[in-house]
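For the sequence shown, the numbering used here gives the first residue as 487, with consecutive numbering after it.
Read through the structure below, which is laid out as structure tokens, and then see the notes.
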Amino acid sequence: MMIIIIIMIMIMIIIIIIIIIIIIIIIIIIIIIIIIIIIIIIIIIIIIIIVIVIIIIIIVIVIVIVIIVIVIVIVIIIIIIIIIIIIIIIIIIIIIIIIIIIIIIIIIININIILIILIIIIIIIIIIIIIIIIIIIIIIIIIIIIIIIIIIIIIIIIIIIIIIITIITTTTTIIIIIIIIIIIIIIIITISRSSTTTTTIINTTTTTTTTTSIYIISIMIIIIILI
């Protein structure tokens with residue numbers, strides 16, 4: 487009968503060990519599933535961040551292209567206006583020259599030829615000087631306008647790039663911090679729950695097995711005494 491009791495105790499111990507092993511396997515599977523879920527969430531969040539960054543970069547590129555096109559159009563319009571002004575000035579100067587020549591031809595009868603030639607030369611020199619001065623002024627104005635426009639474009643592009651870089655860095659850092667906090671909280675919760683569940687299950691199984699083993703041993707002792 488003692489052999490039977492020992493066998494029953496060994497069976498109960500084996501059952502306890504099997505139950506504990508099953509519980510540990512279940513907990514490991516649960517932890518693996520939770521880790522896989524966390525990894526999937528992290529991958530999804532990273533993909534969302536990458537998509538947001540790509541969208542922001544595309545928007546910035548579009549804005550910069552639009553600004554450059556607008557500036558180019560403005561510069562072309564300014565150049566066209568300046569060319570028209572130059573053409574008008576040249577036409578006016580040609581008309582003045584023609585009028586002066588006509589006047590000189592009209593008064594050539596009463597004035598000496600040398601004086602007429604001198605007057606013509608002086609008038610032509612004055613007109614050439616005026617034309618050169620006007621052209622130089624117009625070229626200087628065009629260069630100044632183009633330089634100002636280029637500086638404005640560069641400043642706008644730099645400001646946009648700085649704003650985008652700050653937005654991207656701040657959003658990514660905030661999202662990464664949130665992800666790390668969520669992961670830490672999930673891991674702590676899962677570990678605490680798994681540990682509590684394992685302890686409770688092990689305690690219940692041990693108590694039940696010990697009580698049942700005590701009952702069996704007492705019953706066997708009673709049977710032996712009766713025999």
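We put the beta carbon where it would ideally sit given N, CA and C, even for glycine.
Given the structure is predicted, the values throughout are model-derived calculations rather than measurements.
Fill in: C-alpha distance - I530 paired with I646, whole-angstrom precision
28 Å
Discussion item. Considering only their Cβ atoms, is the gap separating I624 from I571 smaller than 8 Å?
Written reply: yes
Worksheet entry | Sequence-distant residues of the same chain with beta carbon closer than 7 Å to I560, five excluded per side | I635
Discussion item. Counting beta carbon pairs with one atom in the stretch 577-585 and one in the stretch 611-618, are three or more of them shorter than 8 Å?
Written reply: yes
Worksheet item: Rounded to the nearest angstrom, how far is the Cβ of V557 from that of I639, given a contact under 8 Å?
Response: 5 Å
Item to complete: Whole angstroms is fine: what's the gap from I626's alpha carbon to V539's?
Response: 43 Å
Worksheet entry | From I502, V537, I542, residue whose alpha carbon lies closest to that of I650 | I542
Discussion item. Considering only their Cβ atoms, is the gap separating I564 from I637 smaller than 8 Å?
Written reply: no
Item to complete: Could you check which residue in I633, I509, I532, I511 has the C-alpha nearest to that of I663?
Response: I532
Discussion item. Rounded to the nearest angstrom, what separates I568 and I554 at their Cα positions?
Written reply: 21 Å
Worksheet item: Under the criterion of a Cβ to heavy atom distance below 7 Å, does I625 qualify as lining the ligand SAM?
Response: The ligand SAM is absent from the structure shown, which contains no ligand whatsoever.
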